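Residue numbers (full-length UniProt numbering), protein chains in the order written: chain A, 1 to 337; chain B, 1 to 337; chain C, 1 to 337; chain D, 1 to 337. Yeah, the Cβ is synthetic: ideal placement off N, Cα and C, and Gly gets one too. Just so it is clear, the structure is predicted and the values come from calculations on it, not from any experiment.
4 protein chains.
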Amino acid sequence: MVVVMDGRAPAEQVQAVISRLEECGFKAHPIHGVRRIVIGAVGDRRAISSLGLETMPGVERVVPIMKPYKLVSREAREENTVVRVGNAAIGGDGLAVCAGPCAVESREQLLEAARMVSGAGAVMLRGGAFKPRTSPYSFQGLEEEGLRLLAEAARETGLATVTEVVDEYSLNLAVQYVDVLQIGARNMQNFRLLQMVGRSGKPVLLKRGLSATVEEWLMAAEYIMSEGNGQIILCERGIRTFEQSTRNTLDLSAVPLVKSLSHLPVIVDPSHATGDRKLVGPMARAAVAAGADGLLIEVHPDPGKALCDGPQSLTPAQFAALMEELRAVAAAVGRAA
Amino acid sequence: MVVVMDGRAPAEQVQAVISRLEECGFKAHPIHGVRRIVIGAVGDRRAISSLGLETMPGVERVVPIMKPYKLVSREAREENTVVRVGNAAIGGDGLAVCAGPCAVESREQLLEAARMVSGAGAVMLRGGAFKPRTSPYSFQGLEEEGLRLLAEAARETGLATVTEVVDEYSLNLAVQYVDVLQIGARNMQNFRLLQMVGRSGKPVLLKRGLSATVEEWLMAAEYIMSEGNGQIILCERGIRTFEQSTRNTLDLSAVPLVKSLSHLPVIVDPSHATGDRKLVGPMARAAVAAGADGLLIEVHPDPGKALCDGPQSLTPAQFAALMEELRAVAAAVGRAA
Amino acid sequence: MVVVMDGRAPAEQVQAVISRLEECGFKAHPIHGVRRIVIGAVGDRRAISSLGLETMPGVERVVPIMKPYKLVSREAREENTVVRVGNAAIGGDGLAVCAGPCAVESREQLLEAARMVSGAGAVMLRGGAFKPRTSPYSFQGLEEEGLRLLAEAARETGLATVTEVVDEYSLNLAVQYVDVLQIGARNMQNFRLLQMVGRSGKPVLLKRGLSATVEEWLMAAEYIMSEGNGQIILCERGIRTFEQSTRNTLDLSAVPLVKSLSHLPVIVDPSHATGDRKLVGPMARAAVAAGADGLLIEVHPDPGKALCDGPQSLTPAQFAALMEELRAVAAAVGRAA
Amino acid sequence: MVVVMDGRAPAEQVQAVISRLEECGFKAHPIHGVRRIVIGAVGDRRAISSLGLETMPGVERVVPIMKPYKLVSREAREENTVVRVGNAAIGGDGLAVCAGPCAVESREQLLEAARMVSGAGAVMLRGGAFKPRTSPYSFQGLEEEGLRLLAEAARETGLATVTEVVDEYSLNLAVQYVDVLQIGARNMQNFRLLQMVGRSGKPVLLKRGLSATVEEWLMAAEYIMSEGNGQIILCERGIRTFEQSTRNTLDLSAVPLVKSLSHLPVIVDPSHATGDRKLVGPMARAAVAAGADGLLIEVHPDPGKALCDGPQSLTPAQFAALMEELRAVAAAVGRAA
């Protein structure tokens, strides 16, 4: 940590900051510049809830040097984490594709989707049973019945399953039926929920919040990992920006960036990011080329009848064609698919 | 709702859209333009989960005409909602100021803060007992002990109390001790929590999410109100933008805008919005001038020792001086204070 | 400046950075922490185009300590700059209101607007003769004829005049007719234009770019001032954010922030910021309460017939009523109006 | 265009809107809904500077149906525009890579860069002679001497050349020396400059402004094309968002989106977008996979000594390796390279 002080600060003010730092276990190294005094503080800032330095007289600002996350960082673990679930391995040499409908709507819909995405090469099945919807008047999910259908689809196809949990109730149900628990973008900083999935023993798919910085996203993963659960798959799904011609702005640079900062696998959801079926294919290919470990893609047997996110869902035929393209791109960047 | 179709779409495609609309209870009015066909659809879009129109051949986009919220809208209720709690009335003629520390840290700290803000003219006391923190290693709040202290401070000073709830557990405790339940910015779209506070019977202070649009914010209020609870205080607390020289960007225009769209009272939190003590005063004055019904201000007996948000907390003396200024501005805009 | 290096960087890499710093005239102070090496560098970073430190082996990042602007900073000049033009003084004790139509459209329109805003208490007249329009098919301004009308209106009413310049041609004409040259938001980083107005000898009204940080805005002012022209009025006019329910997001916090960082006066344009007539009044009042030195307000004799920005223009009667309100708020915050 | 009116608006107000529309040559189709009246207006909105509808009594909002651009749209021209310059074709079957230093610094630097990027397969050379810099104290470019060096490098290597122009002066010089004129992000809405390059007879590389919407970007291209110059290459270079861990947020979805809306070629600049050498490769590969027609990449013989943008410049060896990777990705998506 570096404390920047006004160069005109009297010696007592500088001394007060140094004393405060030493009191908290830091070693202080003051450097007197022309117009500023800079105090380098050696020690671990993350151990201390609040130093109150910013409010001390003469202090202009405090610049943290260390990243605030520990367990999820590359410094804590150099090799990649590979999350294994059923036949799927996320974060390894291959590309892991998870596909399925936004919401589980019926037995027919889900089983048909499951068979088709499995046949086209997906290794995981997604499907929402508890849907966080912007409007209280929208379809909110089949709840336990949806979970049961996911389990049935898994038995039939051998796909691993992913579903979103939104609170303690849905979590307690989901752990009985599915393989991976998803934390949705709107709950990325629902810290209680993060702690609960951290104690669940299940792998977690953690979506980036729609206005979360990369650092906040990794801190959310740190919440989970600090509860003892390191089986975390990060999922970039677009951020909110001024641009409204796509639903969100897919931040693909975050993929190589996060992979340099953390050992956790990173996948990409081009369906929610773009909100537009015709952009899903190009962005899925781009994600693979950028180094993503996998994809999360919405596929619906009949998108026009989908109870949610129809406009961004691929038909099974479109999905199968995309899988072919993805194999070619994966091979081009030296990845099995 | 208006459906925009490509002007070259064949008659069958136009007919299919019209049939789909009529099937869902709408009356369709097609208008043939030079390069586009526009179909006006009369009926209530909000009643229908999904029409799937966007995915039909020939359709370019669907433009909603009605706002998605009902109960919270000015159309549903012309007169202002006034939330009454203890001696405080939020949304009436007067200005309601809520003040106190970010977190309840100790009996001494809270009681001192309560006495001082009460003496300076605040009508509500804020204080966090369950703190959602970006880092799992930061102070997370005193929990039930904090709630007890809030209740004690209320008894001693006559202030109404506000505290944040983050899940079912904290909610069940908070209803026993405090007057108003706060939903924090990070939980604004935690729809389960919104439903729970909607059923709690307590007034709710609903902070705007840091990347929530005004419409999403009102939809979050609609979640609460659709559970039968219309005692909602909206709180603007800054949004996330590219500008990093303040912690968030206080969106003061949202105050008069929301007051034109909804009957609910709107207050402003200049402390979290700016993150900088020296900007709290000017922004508090500006909020009153813009028509805010009240303010939420962080005050700490000794900000340098605060366990969170010290840099943005006012000292009691600063708060008392600010209250004087606010009275003058309130009077200038025709408001009692 | 502080250079952060990986704690595992070998001694040669650290020495190379120190040598590079010393070569450029800095004194280097290395501090060895647990996982990072921090090198404090004393000297003036702003004098050097590029040090290339970020690309040296072992370097993680470089943290600047000094602000990049000099002449416009409070450190360079403690007292407020007051820009005087005609009877107007911007940055002094009083509130300076500039009003008028978005574009000069005709002699009748401009003279009527000028008389009315003058009668209501404005001290400056605005009116665009060269209009930067998003569409090449929109009205682009009356050019020199518009400038002549501004000069006529000035003679008749005694108002000072402001008009936007967009290139060398418009600048050379404008200096002959008007008192203050405006740099529009879209040209805030048109550095050639900034240099030209810096050499013009005329006061400059510098609008903040719609995605400019406060620092970039002050750097644009530095461009003007580094050419010898310190008569600069900064104008906050809203920034671009995800929120689309107002045209832009008025960043009022920037007013007290910039006044703490710089000695230059700051005014606010609530018309362009909100794009909505009904929000102009509340935001104008808020700007005064936040400490703005003045306002820029669009007024049109008949907004429904305006060739641009009709929806955000006040009628003369609305403007006169607003001026009354502004006087009350100004008085409440201790300002003459 | 669709005009939305309050359902309680009296018949005279509705009639007034209809009359105004008909007066301007539109045919009006009113539809009476439950709570709103919607008037469909058939005609070309783009022909009319201002209708003033938004300010008419009873009108809530006006929804445009047509895109505001004409000449650059896919509707105006179905087949792709291919810009040919020297041996390069941008927008055709192959991938066109433009590379070189941010700024022309010296004869040695530029010629070495030119030889190396040419050897690795680039078809165009970039190099700034007029540099728009945030600080007036930074290196501003070699001006005409830089242009002369670009011409020399072109003669020696056969590369086509691109350089940024910032005003009339630089434009008049650049047309004498280089093949393609670049409009930088900060000048994307410098409409005078757009008109000038539109009349220059030279191909134009138009960078997206850092907070420009896709629609505004296409409108800037429309400015150029409306002057008779359709040789336009669009360049996505990152937009400004809340995320600060990369210099900008590369909006790759804009590539397939713009290619669906317009016939113009689109290239991507991963160097300015990310500001970080280690992210340039992944984002360049992703851009090709997303369907970009080419790339703009910063390469410097010795990035550590670069006068600008060193941290994001590739070394010649890194660039050569990247070109190999790009060939593989291009082949995987069916594109020659």
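query, result
"How about the segment 193 to 202 of chain B and the segment 235 to 249 of chain B: do they share at least three Cβ pairs that are nearer than 8 Å?", "no"
"By the three-class DSSP mapping on this structure, what secondary structure does P311(B) have?", "helix"
"So the candidates are V258(D), V63(D), E105(D), V288(D); which of them puts its Cα closest to the Cα of G141(D)?", "E105(D)"
"Starting from R285(D), find everything on chain A with Cβ-Cβ shorter than 7 Å and list it in chain order.", "A289, A290, V333"
"Can the beta-carbon of A174(B) be found closer than 7 Å to that of M124(B)?", "no"
"Figure out for me which residue from V117(C), V165(C), H300(C) has the closest Cα to the Cα of A154(C).", "V117(C)"
"Could you work out which residue in G127(B), V166(B), E75(B), E168(B) is closest to A160(B) when comparing CA atoms only?", "G127(B)"
"Using 8 Å as the Cβ pair cut-off and three pairs as the minimum, do the segment 22 to 32 of chain C and the segment 313 to 323 of chain B touch?", "no"
"On the premise that D251(C) lies in contact with I267(C), defined as a C-beta separation below 8 Å, what is that separation, rounded to the nearest angstrom?", "So it is not a contact: roughly 13 Å between Cβ atoms."
"Determine, for F242(B), whether the minimum Cβ-Cβ distance to residues of chain D falls below 7 Å.", "yes"
"What residues are listed by DSSP as bridge partners for S135(C)?", "In DSSP, S135(C) forms no bridge with anything."
"Please identify, using Cβ separations under 7 Å, the residues of the segment 181 to 197 of chain C that lie next to chain D, in order along the chain.", "R186, N187, Q189, N190, F191, R192"
"In this structure, how does DSSP classify G240(D) when only helix, strand and coil are distinguished?", "Rather than Gly, the amino acid found at residue 240(D) in this sequence is Arg. DSSP places R240(D) in coil when its eight states are reduced to three."
"For R61(C), write down the residues that DSSP places opposite it in a beta bridge.", "V4(C)"
"Assuming A289(D) contacts V333(D) (C-beta within less than 8 Å), just tell me the rounded distance between them.", "6 Å"
"Let me check understanding here. Comparing Cα to Cα, which of G146(C), G52(C), R35(C), A16(C) lies closest to D44(A)?", "R35(C)"
"Just the Cα atoms here: how many angstroms apart are K278(B) and I183(A)?", "38 Å"
"Going straight from the alpha carbon of M66(A) to that of A221(B), what length do you get?", "39 Å"
"Going by DSSP, what residue range makes up the beta strand (DSSP E) through L206(C)?", "204 to 207"
"What residues are listed by DSSP as bridge partners for R36(C)?", "D6(C)"
"Less than 7 Å between the C-beta atoms of N190(D) and N248(C), yes or no?", "no"
"For chain B, check one thing: does any of its Cβ atoms lie closer than 7 Å to the Cβ of P256(C)?", "yes"
"Any C-beta of chain E within less than 7 Å: which residues of the segment 211 to 225 of chain C qualify?", "The chain labelled as chain E is not found among the protein chains of the depicted structure, namely A, B, C and D."
"Between which two residues does the beta strand (DSSP E) harbouring T163(A) extend?", "160 to 164"
"Going along chain B in order, which residues have a C-beta closer than 8 Å to the C-beta of V175(A)?", "Within chain B, no residue comes near V175(A); the closest Cβ sits about 17 Å away, beyond 8 Å."
"Where does E156(B) land, buried or exposed, given buried means 16+ other C-beta within 10 angstroms?", "exposed"
"Determine which residues share a DSSP beta bridge with H29(B) and list them.", "G40(B)"
"Since V59(B) contacts V3(B) with CB under 8 Å, what's their CB separation in whole angstroms?", "6 Å"
"So, for G121(B): in the same chain, excluding its five sequence neighbours on each side, which residues have a beta-carbon less than 6 Å away from its beta-carbon?", "M323"
"Smallest Cα separation from P132(D): which of L307(C), N187(C), E164(C)?", "N187(C)"
"Work out the CA separation of V165(A) and R148(A) for me, nearest whole Å.", "15 Å"
"For the segment 310 to 331 of chain A, which residues have a CB atom closer than 8 Å to at least one CB atom of chain D, in sequence order?", "E325, A328, V329, A331"
"Could you say which of G86(D), A129(D), N80(D) lies nearest to C102(D) if we only look at CA atoms?", "A129(D)"
"Helix, strand or coil, according to DSSP, for G281(C) in the structure here?", "helix"
"Would you mind sorting A11(D) into buried or exposed? The rule is 16 or more other CB atoms within 10 Å of its CB.", "exposed"
"Does K278(B) come within less than 7 Å of chain A when only Cβ atoms are used?", "no"
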